[in-house]
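There are 2 protein chains.
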Amino acid sequence: MITITLPDGAQKKYDSGVTPMDVAMSISEGLARNVISASVNGTKVETVTPITSDAKLVLYTWNDKAGKETFWHSSAHVLAQALEHLYPGIKLTIGPAIENGFYYDVDLPEGKVITDSDFKKIEDTFMEFARQKAEFKMKPVSKADALKMYKDAGNEYKVELIENLTDGEITFCDHSNFTDLCRGGHLPNTGFIKAVKIMNVAGAYWRGDEKNKQLTRVYGISFPKDKELKEYLVLLEEAKKRDHRKLGKELELFTFSQRVGQGLPLWLPKGADLRKRLENFLQKQQVEAGYEMVITPHIGSKELYVTSGHYAKYGKDSFQPINTPAEGEEFLLKPMNCPHHCEIYKFKPKSYKDLPVRLAEFGTVYRYEQSGELHGLTRVRGFTQDDAHIFCRPDQVKDEFVKVMDLVLYVLKALHFEDYTAQISLRDPHDREKYIGSDENWAKAEAAIIEAVSERDIKTVTAYGEAAFYGPKLDFMVKDALGRSWQLGTVQVDYNLPERFELEYVGSDNAKHTPVMIHRAPFGSMERFVAVLLEHCAGKFPLWLTPDQVAILPVSEKYNHEAKKLSGLLKNYDLRALVDERNEKIGRKIRDTEVMKIPYMLIVGEQEVNSGKLSVRKQGEGDLGTLSIEEFAKLIQDDIEADLRIN
Amino acid sequence: MITITLPDGAQKKYDSGVTPMDVAMSISEGLARNVISASVNGTKVETVTPITSDAKLVLYTWNDKAGKETFWHSSAHVLAQALEHLYPGIKLTIGPAIENGFYYDVDLPEGKVITDSDFKKIEDTFMEFARQKAEFKMKPVSKADALKMYKDAGNEYKVELIENLTDGEITFCDHSNFTDLCRGGHLPNTGFIKAVKIMNVAGAYWRGDEKNKQLTRVYGISFPKDKELKEYLVLLEEAKKRDHRKLGKELELFTFSQRVGQGLPLWLPKGADLRKRLENFLQKQQVEAGYEMVITPHIGSKELYVTSGHYAKYGKDSFQPINTPAEGEEFLLKPMNCPHHCEIYKFKPKSYKDLPVRLAEFGTVYRYEQSGELHGLTRVRGFTQDDAHIFCRPDQVKDEFVKVMDLVLYVLKALHFEDYTAQISLRDPHDREKYIGSDENWAKAEAAIIEAVSERDIKTVTAYGEAAFYGPKLDFMVKDALGRSWQLGTVQVDYNLPERFELEYVGSDNAKHTPVMIHRAPFGSMERFVAVLLEHCAGKFPLWLTPDQVAILPVSEKYNHEAKKLSGLLKNYDLRALVDERNEKIGRKIRDTEVMKIPYMLIVGEQEVNSGKLSVRKQGEGDLGTLSIEEFAKLIQDDIEADLRIN
């Protein structure tokens, strides 16, 4: 008998040779139906791999990341089988699972190409094979035999791969009449795959090297239910519509210029105003929470980053040093604001009574990213952090943590993010050597975070070993309207920088102590946050934030003047309005405004001018009747206040 | 007879050989008494230099910059005479006039030093010689004779200077028994100097090269009236008290860190808030004036500055390019915001109806300055311009100019700068070749500026030939409370950048046209402006701007809690208050608050707590009696509104 330990700590005895699937079956039939992969003592295995000694076992379903990976890896085998069937003479190379689905890189026979019009045929063949419920069977193979097989088949790619493997560790995977070189980790059989979609086809160099031959990369995604594929395609379509790069251009929020440089956003007037409103909104909360604003330069001497340790760690992969024309000085574009804030802390001596000191800055930082990695506002080379650093005594960490959490939660709610999980990242309890700072301080800080989180009613996960080497942290994982997860609002405890910068305060014991530092950024960066928000709300921002709150629509050009006058009046009520002065029919104007997602419309014609009343329409809702300007302003103010009155 | 033309265009005939002093005498005896220098056809001469052909003559008095230079240059001769008298064996090197006074670098005899305690003796000897009314007499000397004289005297410094001069162009200047190598430009005689002060003594390397011997630099300043010296010293004392570096530290507005880098200011909380208030104040005016805010990155590709022409012109003297770790890209720290704004203009096509487009940004730029040139916030390496660029049609230049002027004037008045002159810089009418842009556009732009300025009642000077090569401009020369002049608020017309960036708009004629660009910055830079303002108001900022408007002074620690509650209440009225919680007597608290220049004080004791009323004191004025909190808030609001209600 052997002992199997499950993730919840439960232990059960089984005969030696039991498989993960047997264990699943012994727990419940429902579980067994859903198990698609397993790991034994941390190593991925087949669901049919016999277990012969005491072991920790984890069973994975489609809902686990590891489960999806197995599903899509198995699907890549079926894709290869289908392609080999459809394109005899094809040479298979590699075919991994990726974040959303899988691909296979193939060298097509001379003269063959795959285009969109072939996708249907590939999908049909794929599903034909999948429905055969062929079992995946791993088998060891000697290096000599493996090489011989692929040499005979004339597949120089697999030969090259095998040559780099160690004899005795090479395995093939068979299913149906198809065999592939494979390390393992499969579904029980192909029948689990109920739906597939070929997404795309692209060129890709063998081993990513442009000196090598260009292969054909076929992308696909598969699901255990047809319904899930359909939902995925709808989501994808919706995500395309909400792409912040598309919306950012349509709403004239930001742009890029090749001449300014890749990954360096230019905020257009409507975007800059919106960003400013976001900053002011947070700034107001920060002032109330006792933060003080500072402003620091966008460069620092190399010495500053040698002190902070950033230069040693990131220097060679960063924007390179800026030399001066004389005097041999070296500066770096600042990649973070913390070293500057440490220098501000040192401006004058501090006592324990002066703490906490909370220094906040909307600080623009620059980090090099390869041009291929850049993506709209979510991956840029210059971005503005809504940064702050709290310098406090160890006994203040918990209170400060609670306050930061409340601030982050307020911000998320005010921006209509309702679904989030707090991830607490702690030390690896089995490897305490790799962390700096005393055991006592770590214990205190970890306890403080855990306690702080427990005081608020939020979903929490704890990740051991995910702490930074200089302190534990808390991340808010936020789900957007499409169910995609974003990491926003990081709070990080830091014992490292205060020591490196020799920060101190005089304690009540009259001795010198080192403060603890908390880094935090509720938005993360203004750029990334605006991108996520744009996709989350599909461009329909909360009323207090949206660029144009009101569209004034004169029924004809005759009323343009009155419309402009009205726009001036609304300004006095702090309302942002645009006037549609085009020579278009009112119906057309209303339709266009609906598309632009402007929340309110005011129609201006003979009747309105005579009565001095406003004809009000709400986006997506239609006519609200007539109101005086005061009533209308109050309506909007009430809407906004309700929006921001959260807790 | 020859014709002498004076600056006002008046012409007079004189015998050949007439001297500038003769001409002055022929105009008025009073003028002659005050003339201390002259230039003939643009070249500086002695007042006794004979004029032998038709010439343009300018006479200078103490009130002219050139007059002061002559005065102080002559004074350096007398200082050298005095030092030679007091320190036999001294070796003279060079002794120029400087912005405020003059200095002489000397190599003192072995074992001699000059310290503060020697200043009186030097001044007395100086004045003794000055009172002799010795005439300055220029005389030509051959290179051989000049070299011989200084070689015999063992003065290797003068020998080195003479070796670099051209034979036939060398002159000495004698006065009394003293002779010095000199190019000329002196007072009629030493008697004009009625007062002298030795200001300072410092080390200075020969020729500024630290490999050379260190000399002794003696600084002095002299005046035509003793009263003026006294006034100068009072001013100097006052300027020292108002030094923005001193006040900036005392008021905790900003600091510098060697580790961050020289010339890179760190704005402390009170300074950052103050700067933000200034920015918001201007921003509000700008929104009303139709400006749109944008935000652009602090770097740009080298290509951007090659396009703008900045790289060719300033590249080698600037912060050097930033390389990327891969891909071979090159970026530059942005030295100005205009190229970025040009790229934003190009975001979408413009028609004549879309103009003017006014893009504003508080844009931080970086410009290399040698470390020796850095000075507090007035000369830094990174600063934030209150920048804006107006893109308009040629026919809109005048209107836009008037609007910009009104904005600048409003800003200056709101900040209590009452004395300013507008300097219009136009083309050199005799050398039109060196300017770019059509004659027609220049004529239009110059006329527009002149017309715009004439529409407002401001002191104006016109400077021909002072325009930039790409357009005419207007500067506001502002006098501060100590009478020192600062250049603030530049408005610059530009035909160059729109062409280089190929900016265009479709005119009413349906053809493509190039817009005119106007650069403008009312403050200039936030850093320099805050420095000037600090010195102008000696740290006593206008009420709306000052960091702490109210100091709440509890009469004993017992009332600290009530005081803090009051501070919270005042926040609701948008008032900024601090609480003096120290365990000090109330008299001491009042005195300290007076020194800190906090405009209002509220005393909190038994009586105030019981009555619920405030005991109010005004800085520099004393007790204002008791007020309710509403009355007090209104008092301050009224003060502020009166301050900002200017036009």
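Protein chains in written order, with this note's numbering: chain D, 265 to 911; chain Z, 265 to 911.
The beta carbon of each residue, even a glycine, is placed where N, CA and C say it ideally should be.
Local conformation of residue i per DSSP, three classes
| i | result |
| --- | --- |
| residue 853/Z | helix |
| residue 403/D | strand |
| residue 446/D | coil |
| residue 410/Z | helix |
| residue 866/Z | strand |
| residue 811/Z | coil |
| residue 439/D | strand |
| residue 803/Z | coil |
| residue 563/Z | strand |
| residue 233/D | Because chain D is modelled from 265 through 911, residue 233/D falls outside the range shown and cannot be assessed. |
| residue 831/Z | helix |
| residue 269/Z | strand |
| residue 735/D | strand |
| residue 904/D | helix |
| residue 380/Z | helix |
| residue 768/D | coil |
| residue 629/Z | strand |
| residue 334/Z | helix |
Residue i to residue j span [Cα, whole Å]
| i | j | result |
| --- | --- | --- |
| residue 414/Z | residue 470/Z | 17 angstroms |
| residue 712/D | residue 757/D | 10 angstroms |
| residue 828/Z | residue 664/D | 21 angstroms |
| residue 539/Z | residue 804/Z | 15 angstroms |
| residue 434/D | residue 444/D | 11 angstroms |
| residue 619/Z | residue 736/Z | 21 angstroms |
| residue 642/D | residue 509/D | 10 angstroms |
| residue 452/Z | residue 292/Z | 17 angstroms |
| residue 768/D | residue 465/Z | 40 angstroms |
| residue 300/Z | residue 502/Z | 29 angstroms |
| residue 597/Z | residue 630/Z | 6 angstroms |
| residue 752/D | residue 457/D | 34 angstroms |
| residue 307/Z | residue 402/Z | 15 angstroms |
| residue 327/Z | residue 357/Z | 29 angstroms |
| residue 608/Z | residue 360/Z | 49 angstroms |
| residue 266/D | residue 285/D | 16 angstroms |
| residue 384/D | residue 355/D | 21 angstroms |
| residue 271/D | residue 324/D | 11 angstroms |
| residue 853/Z | residue 617/D | 20 angstroms |
| residue 865/Z | residue 613/Z | 57 angstroms |
Nearest neighbour of residue i, chosen from the options [CA to CA]
| i | options | result |
| --- | --- | --- |
| residue 636/Z | 645/Z, 888/Z, 388/Z | 645/Z |
| residue 524/Z | 487/D, 562/D, 504/D, 501/D | 562/D |
| residue 427/Z | 439/Z, 416/Z, 438/Z, 408/Z | 408/Z |
| residue 669/Z | 714/Z, 868/Z, 588/Z | 714/Z |
| residue 652/D | 721/D, 720/D, 550/D | 550/D |
Query raised in the report: Given a limit of 7 angstroms on CB to CB distance, which residues of the region 542-559 of chain D reach chain Z?
Result: 556, 557, 558, 559
Query raised in the report: Given a limit of 8 angstroms on CB to CB distance, which residues of the region 562-574 of chain D reach chain Z?
Result: So the list reads 562, 563, 564, 565, 567, 568, 571, given in the order they occur along the chain.
Report task. Determine which residues of the region 881-892 of chain Z have a Cβ less than 8 angstroms from any Cβ of chain D, and write them out in chain order. Result -> none
**Report entry** Contact between the region 602-619 of chain D and the region 787-802 of chain D (3+ Cβ pairs under 8 angstroms)
**Finding:** no
Query - Members of the region 624-652 of chain D that neighbour chain Z once the beta carbon cut-off is set at 7 angstroms - result: 628, 630, 632, 634, 635, 646
Requested in this report: With 7 angstroms as the C-beta to C-beta threshold (strictly closer), list the residues of the region 584-617 of chain Z near chain D in chain order.
Outcome: 584, 586, 587, 588, 589, 590, 591, 595, 597, 604, 607, 608, 611
Query raised in the report: What are the residues of the region 514-525 of chain D that lie near chain Z, defined by any Cβ-Cβ distance shorter than 7 angstroms?
Result: 519, 521, 523, 524, 525
Query raised in the report: Looking at C-beta atoms only, is the number of pairs between the region 815-830 of chain D and the region 689-705 of chain D that lie closer than 8 angstroms three or more?
Result: no
Report task. Identify each residue in the region 459-490 of chain Z for which the Cβ-Cβ distance to at least one residue of chain D is less than 9 angstroms, and report them in chain order. Result -> Per Cβ criterion, the list is empty.
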